[in-house]
Each structure stands twice: as structure tokens, then as C-alpha cells.
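J.: Under our numbering, the residues of the sequence shown are numbered 8 to 102, in order. We treat Cβ as the ideally placed atom computed from N, Cα and C, and that holds for glycine. None of these values were measured; they are calculated from a predicted model. The structure that follows is given in the form of C-alpha cells.
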Amino acid sequence: MVGPNLDQAAQVIAENVVSAVVRDPASPLRDTPMARDAAITAIMAALLRVMPTDDSDRLAEACNRGLNDLAIMGALGPLVEAVDPDDGSVTMRAE
């Protein structure tokens with residue numbers, strides 16, 4: 008996922024993270040598309056600050072920083088444990 012189109016790579020990763028977070032039945036992101044969009048934007052911004060990189064740990068930390076930015080919305084839940092830099096898939100862990 009390291010390449011010339013970093014925005015697209017960051018969006019794929021951010022969407023994967025948000026998809027995983029909304030699987031939690033208690034997630035405030037479940038029923039609010041605007042909150043999901045805000046989450047994607049926050050995660051993308053955090054990712055773009057560390058990209059380009061193929062370091063899974065750096066990408067996961069950036070995703071978690073983006074999620075932490077949403078704590079004021081009550082969007083707490085699972086955190087990102089790892090990001091596959093090749094396809095943008097994420098592994099989540101309960102916190």
C-alpha cells in the first residue's frame with residue numbers, strides 16, 4: 008500500500024478500521040453515517056502523517072491515534088493491533 012496514491016491507501020485502511028469498529032453492537036458509529044465519515048477522516052489524517060511506510064506497527068498506532076481523536080464522541084471500542092500494508096486489512100484487539 009506504499010505508493011503514489013497514499014490518499015487511496017489511507018482511505019482503504021481507515022474504512023477497514025471503521026468497518027471493524029461498527030461491528031461492536033455498542034459502537035456509537037453503528038447508526039450514524041456522519042460519525043462513520045468523521046472517523047474515516049480522522050484515521051486517514053493520522054495515517055497520512057506516517058505514510059509512506061510499510062511498518063504494520065506504525066500504521067496501527069496511527070489508526071489508534073485517529074480512533075482516540077474520536078473519544079469525545081464516545082467511539083471507544085476495539086483498537087487496531089496490526090495493519091497489512093499490502094492490502095490494508097486490519098487486525099483488531101479488544102481494549
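Let me check you understand the geometry: is the CB of Leu54 closer than 6 Å to at least one non-hydrogen atom of the ligand FAD?
T.: The model on display carries no ligand, and the ligand FAD is accordingly not part of it.
J.: Does the region 87-97 come close enough to the region 19-37 that 3 or more CB-CB pairs lie under 8 Å?
T.: Cβ pair count under 8 Å is three or more, so yes.
J.: Going by C-alpha distance, which of Asn12, Leu54, Val28 is nearest Arg65?
T.: To locate residue 65, count along the sequence shown from 1; it is residue 58. When each option's Cα is compared against that of Arg65, the closest is Leu54.
J.: In this structure, does DSSP put Ala60 in helix, strand or coil?
T.: By one-based count along the sequence shown, residue 60 stands at place 53. Just to set this straight, residue 60 is Thr in the shown sequence, not Ala. Thr60 falls in the coil class under three-state DSSP.
J.: For Pro69 and Val87, what's the separation of their Cα atoms in angstroms?
T.: Translated into the one-based positions of the sequence shown, residue 69 becomes position 62. Translated into the one-based positions of the sequence shown, residue 87 becomes position 80. Strictly speaking, residue 69 in this sequence is Ala, with Pro absent from that position. Spanning the two alpha carbons is a distance of roughly 9 Å.
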